[in-house]
Amino acid sequence: MIWITAGTAVLIIAIGILAVYSWITSQISDPDGYARITGPCGDTMEVSFTVKEKVIDSIRSVSSGCSISKMCAHYAGSLAKGRSIDEAREINRESIMNNTGKLPETHLHCAVLAETTLQAALDMYEKANLKK
Numbered sequence: 013m014i015w016i017t018a019g020t021a022v023l024i025i026a027i028g029i030l031a032v033y034s035w036i037t038s039q040i041s042d043p044d045g046y047a048r049i050t051g052p053c054g055d056t057m058e059v060s061f062t063v064k065e066k067v068i069d070s071i072r073s074v075s076s077g078c079s080i081s082k083m084c085a086h087y088a089g090s091l092a093k094g095r096s097i098d099e100a101r102e103i104n105r106e107s108i109m110n111n112t113g114k115l116p117e118t119h120l121h122c123a124v125l126a127e128t129t130l131q132a133a134l135d136m137y138e139k140a141n142l143k144k
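Quick note, this note's numbering runs 12 ahead of the 1-based positions in the sequence shown.
In structure tokens, the structure reads:
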């Protein structure tokens with residue numbers, strides 16, 4: 013049996029509360045572009061962003077998967093922030109992997125999922141703005 017001290021229990025609870033708070037406050041309430049895709053590996057990525065003056069102003073890109081999947085989601089978002097939609101269209105798995113460094117063969121699909129999710133969010137934005 014594993015015993016934990018009261019201090020450790022409080023720390024674990026505090027970390028949990030902080031994680032939930034972080035998740036809730038990082039949501040983009042009314043995104044201009046949004047996509048959520050689950051890859052064949054079971055990881056789910058979500059990208060949402062707002063556009064201001066034809067530039068991606070704020071972006072949130074997260075993954076429910078492994079650390080490599082989360083890293084790829086992060087870089088897809090950081091590469092898109094501050095770019096126009098056309099410039100963000102140029103972001104692909106290679107540009108993501110240029111930032112992550114060499115990925116293990118078994119995790120190349122993480123960069124593909126990040127690219128696919130970002131591009132799907134851009135598609136949603138463009139479809140919504142064609143109607144305007």
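Just so it is clear, CB atoms sit at the ideal spot from N, CA and C, and this is done for glycine as well.
Given the structure is predicted, the values throughout are model-derived calculations rather than measurements.
Every unbroken alpha helix (DSSP H) inside the region 65-142 [4 residues or more]: If you keep only unbroken alpha helix (DSSP H) runs of at least 4 residues inside the region 65-142, you get 79-92, 97-101, 105-112 and 120-142.
Nearest-angstrom Cα distance between D44 and K82? For D44 and K82, the distance between alpha carbons rounds to 22 Å.
How far does the beta strand (DSSP E) with I49 in it reach, from first residue to last? I49 -> beta strand (DSSP E) spans G45 to T50.
Compute the distance between the beta-carbons of I108 and A132, then report whether it is under 8 Å. In this structure, the beta-carbon distance from I108 to A132 does not fall below 8 Å.
Reduced DSSP category for T56 - H, G, I as helix; E, B as strand; rest coil: Assigned with DSSP and collapsed to three states, T56 falls in strand.
Strand pairing of V63, partner residues [DSSP]: In DSSP, V63 forms a bridge with I68.
Using CA coordinates, which residue listed in V67, S90 and C84 is at the minimum distance from S75? The residue with the shortest Cα to Cα distance from S75 is C84.
Look at the alpha carbon of D69 and the alpha carbon of A18, and state the distance between them as a whole number of angstroms. For D69 and A18, the gap between their C-alpha atoms comes out near 43 Å.
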